[in-house]
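Here's the structure we're looking at; comments come further down.
Below, the structure written as structure tokens:
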């Protein structure tokens, strides 16, 4: 039998390449689900849109999961970092009117135009969980603090992830002040104020 080393090497390389390609994506799960809480009536007619959750690349310097420092029950601001039951934390909440393919806000903003059709809240989490629930409660706060939408998303992650919540209004948004409160497992962990004006 005449075995040629060049052909053997080529066959081995081809087989190895096929094995590597067949293993790609085996551990990826679909993480887009529909919201579990319907929108309630409000001064600004808005309909919640499905939120999306995707893993985000690991940061170069990951925080220590053994941190036991107590945190306040509610934090306002972009860098909310709250420990609540288990190891998952909300690291940041960002608002904007557009998201990229990774479900992250394309351009952060706190002021929106009445004609903006959608407003997004992108919630960055760190840590691990087999089952946690994030909720975004949207409110119109001018005059009276009235919630107009509440959307929940179940997440399971083994590292940093981004979950995006969206509210839409087919009409113009009423001018005024708004806020979105993010809860993790039923506990408020972050609140972001924003405004709609011309």
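In mature numbering (1 follows the signal peptide of the UniProt record, and there is no 0), the protein residues as written are -25 to -1, 1 to 173.
The C-beta atom is built at its ideal place from N, Cα and C for all residues, glycine as well.
Since we're looking at a predicted model, the values are computed, not measured.
So, does the stretch 153 to 162 touch the stretch 92 to 109, judging by three or more C-beta pairs under 8 Å? yes
Where does residue 156 fall in DSSP's three states? Counted from its first residue, the chain shown places residue 156 at position 181. The answer is strand: DSSP assigns residue 156 an E or B state.
Hey, out of 81, 132, 139, 151, whose CA is closest to residue 103's CA? The count along the chain shown starts at 1 and reaches residue 103 at position 128. When only C-alpha atoms are compared, the closest one is 132.
Pick from 81, 147, 90, 95 that is closest to residue 125, judged by C-alpha positions: For the purposes of this step, residue 125 is taken as the residue at position 150 of the chain shown. Residue 125 has its Cα closest to that of 95, out of 81, 147, 90, 95.
Just tell me which of 166, 87, 118, 74 has its CA closest to the CA of residue 66. Along the chain shown, one-based indexing puts residue 66 at 91. When only C-alpha atoms are compared, the closest one is 166.
Buried or exposed for residue 128, please, with buried defined as at least 16 other CB atoms from any protein chain shown within 10 angstroms of its CB. By one-based count along the chain shown, residue 128 stands at place 153. Residue 128 should be labelled buried.
Rounded to the nearest angstrom, what separates residue 116 and residue 154 at their Cα positions? As a position in the chain shown, residue 116 is number 141, starting the count at 1. As a position in the chain shown, residue 154 is number 179, starting the count at 1. Each residue's alpha carbon lies about 7 Å from the other.
How big is the Cα-Cα spacing for residue 141 and residue 90? In the chain shown, counting from the first residue as 1, residue 141 sits at position 166. In the chain shown, counting from the first residue as 1, residue 90 sits at position 115. Their Cα atoms are separated by approximately 15 Å.
DSSP state of residue 89, grouped into three classes? Here residue 89 is taken as the residue at index 114 of the chain shown, counted from 1. Here residue 89 sits in coil by DSSP.
Pick from 148, 171, 138: whose alpha carbon is nearest that of residue 77? As a position in the chain shown, residue 77 is number 102, starting the count at 1. Considering only alpha carbons, the answer is 138.
Cβ shell of residue 34 (< 6 Å), same chain only, five flanking positions each side left out: Within the chain shown, the letter at position 59 stands for residue 34. Here residue 34 scores only 37 on pLDDT, less than 50, and its place in the model should not be relied on; the value that follows carries that caveat. Here the set comprises nothing.
Within 10 Å of its beta-carbon, does residue 112 have 16 or more other beta-carbons around it, so buried, or fewer, so exposed? On the chain shown, position 137 is the one that residue 112 refers to. Buried.
Just the C-alpha distance for residue 130 and residue 75, rounded to the nearest angstrom, thanks. Taking the first residue of the chain shown as 1, we reach residue 130 at position 155. Taking the first residue of the chain shown as 1, we reach residue 75 at position 100. Approximately 20 Å, taken between the alpha carbons.
Kindly indicate which three-state DSSP category residue 120 falls into: helix, strand or coil? In the chain shown, residue 120 corresponds to position 145, counting from 1. Three-state result, residue 120: coil.
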